[in-house]
Amino acid sequence: MLKPFSNEEKEFVADIVLNIGEVEYMTSAIADAFSAVWLKHSSEYTIGPNSKEYWTDECTRALEEYRSDMSVENHRAFRSAVKAAKRKFFDERIEEIATTNKRPWDLMDWVKERKNPPCEAIQFNGEPCHDLGDLWDALHNTYNAALDRPVDTAILNELPKEPERAWPEFSLLELRQALEACLSRSAPWPDHIMWRHLEEILALPECANIIIALANGCIEYGHWPKHQKELMSVIIPKPNKASYSTPKAFRPIVLLNTLGKLIEKMISNRFQIRWVECGSAPPKTQASSC
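Numbered per my numbering, the sequence shown spans residues 82 to 371.
Below is the structure:
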């Protein structure tokens with residue numbers, strides 16, 4: 082047996098990732114666990130003009146019982162269930178807005194019909210984009226214009242060669258620091274995992290050690306798992322533009338899996354520290370990085 086939280090247990094977890102295939106397997110196993118739990122506890126809602134955020138399963142059961150016989154007693158029970166659900170929902174919302182997010186506009190009704198803002202068709206190569214295919218070509222050719230452009234790496238030959246430096250394994254402290262620096266309200270996608278979820282999961286040392294082993298495996302074998310490459314691109318308008326008729330008036334945002342972003346932040350922090358330590362960063366860059 083292995084003693085919990087012992088050095089032997091840490092070495093056991095570190096030895097789990099031994100090759101690229103196991104890096105992929107571990108990442109897929111974590112993704113499958115996230116997906117299974119999400120499907121188990123999440124519910125699908127269809128928002129419409131009559132949608133009520135406070136509605137609960139108890140309200141649904143009370144309504145079904147009332148509709149079955151239309152009795153006065155069941156009608157009273159239904160009204161009581163709705164009243165209790167309303168009180169609980171709005172008390173929680175007011176408490177959250179008053180103490181947590183400080184966003185009073187969250188109390189507004191977001192399902193009412195709204196007038197579409199005045200807009201103009203995006204122009205690309207002098208032609209308006211009225212079809213989805215034309216719009217896709219315009220955005221793709223704008224943001225991925227350098228996709229197949231050859232890269233001249235000969236410039237790297239001019240750089241002086243530096244001695245090879247060791248890359249120690251990631252520590253629990255590095256994981257904690259990277260997690261603390263993440264925004265708590267950033268958009269999750271496509272794994273639905275938010276930073277507050279990872280904070281609770283990685284508060285357990287055994288879970289944190291598995292993620293550290295995965296990060297070390299990615300560095301050891303120079304491999305980034307396929308699951309961490311999954312993304313969704315969202316195009317949003319840039320603020321305060323006089324016209325939105327060109328693709329350049331919009332900005333693409335990439336939504337990545339949260340766990341992958343955490344490991345990327347750990348690697349980025351390590352590079353930044355080593356870059357400053359070895360004196361490779363210009364003075365102005367050092368001042369902005371520290």
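Where is the CB? At the ideal position from N, CA and C, for every residue including glycine.
- [ ] Round the Cβ separation of L256 and I292 to the nearest angstrom and send it over; I've been treating them as touching at under 8 Å.
- [x] The residue given as residue 256 occupies position 175 in the sequence shown. The residue given as residue 292 occupies position 211 in the sequence shown. L256 to I292, Cβ: 7 Å. Contact.
TODO: Please go through the same chain and pick out, in chain order, the residues whose beta-carbon is closer than 7 Å to the beta-carbon of K167, but skip the five residues on each side of it.
DONE: On the sequence shown, position 86 is the one that residue 167 refers to. So the list reads Y135, once near-sequence residues are dropped.
Task: C-beta atoms of A325 and P333 nearer than 9 Å - done: Counting from one through the sequence shown, the residue named residue 325 turns up at place 244. Counting from one through the sequence shown, the residue named residue 333 turns up at place 252. Inspection of the sequence shows that residue 325 is occupied by Tyr rather than by Ala. With contacts defined by Cβ atoms closer than 9 Å, Y325 and P333 do not form a contacting pair.
Open item on the list: Rounded to whole angstroms, what is the Cα-Cα separation between L279 and L285?
Closed with: Residue mapping note: residue 279 aligns to position 198 of the sequence shown, counting from 1. Residue mapping note: residue 285 aligns to position 204 of the sequence shown, counting from 1. Each residue's alpha carbon lies about 10 Å from the other.
Task: Secondary structure of F170, DSSP reduced to three states - done: As a position in the sequence shown, residue 170 is number 89, starting the count at 1. Looking at F170 - three-state DSSP - the assignment turns out to be helix.
TODO: Return yes when the Cβ of S349 is within less than 9 Å of the Cβ of V335, no when it is not.
DONE: Residue 335 sits at position 254 when you count from the first residue of the sequence shown. Residue 349 sits at position 268 when you count from the first residue of the sequence shown. Cβ atoms of V335 and S349: not closer than 9 Å.
Open item on the list: Any contact between the region 237 to 253 and the region 212 to 226? By contact I mean 3 or more CB pairs, one from each, below 8 Å.
Closed with: no
Task: Euclidean distance between Cα positions of A143 and A165 - done: Here residue 143 is taken as the residue at index 62 of the sequence shown, counted from 1. Here residue 165 is taken as the residue at index 84 of the sequence shown, counted from 1. In a straight line, the C-alpha of A143 is about 12 Å away from that of A165.
Open item on the list: Considering only their Cβ atoms, is the gap separating F115 from I274 smaller than 9 Å?
Closed with: The residue labelled residue 274 in the question sits at position 193 within the sequence shown. The residue labelled residue 115 in the question sits at position 34 within the sequence shown. Contact: yes.
- [ ] Put V232 into one of helix, strand or coil per three-state DSSP.
- [x] Locating residue 232 in the sequence shown gives position 151, where the first residue counts as 1. If DSSP states are grouped into helix, strand and coil, V232 belongs with coil.
Task: Cβ separation of I203 and L216, assumed to be a contact under 8 Å, to the nearest whole Å - done: Position 122 of the sequence shown, counted from the start, is the residue given in the question as residue 203. Position 135 of the sequence shown, counted from the start, is the residue given in the question as residue 216. I203 to L216, Cβ: 6 Å. Contact.
Task: Euclidean distance between Cα positions of G102 and A247 - done: As a first step, residue 102 is located in the sequence shown; it is residue number 21 there, counting from the start. As a first step, residue 247 is located in the sequence shown; it is residue number 166 there, counting from the start. Taking the straight line joining both Cα atoms gives about 24 Å.
Task: Local conformation of L240 per DSSP, three classes - done: The residue labelled residue 240 in the question sits at position 159 within the sequence shown. Reduced to three states, the DSSP call for L240 is coil.
Task: Buried or exposed by the 16-neighbour rule on C-beta atoms within 10 Å, applied to V192 - done: Reading the sequence shown from its first residue, position 111 is the one you call residue 192. Any reading at V192 must be qualified, since the residue scores a pLDDT of 49, below 50, and its modelled position is unreliable; the value itself is stated next. Looking at its Cβ environment, which holds fewer than 16 other Cβ atoms inside 10 Å, V192 is exposed.
Task: Simplified DSSP assignment, three categories, for R157 - done: Mapped onto the sequence shown, residue 157 falls at position 76. Three-state result, R157: helix.
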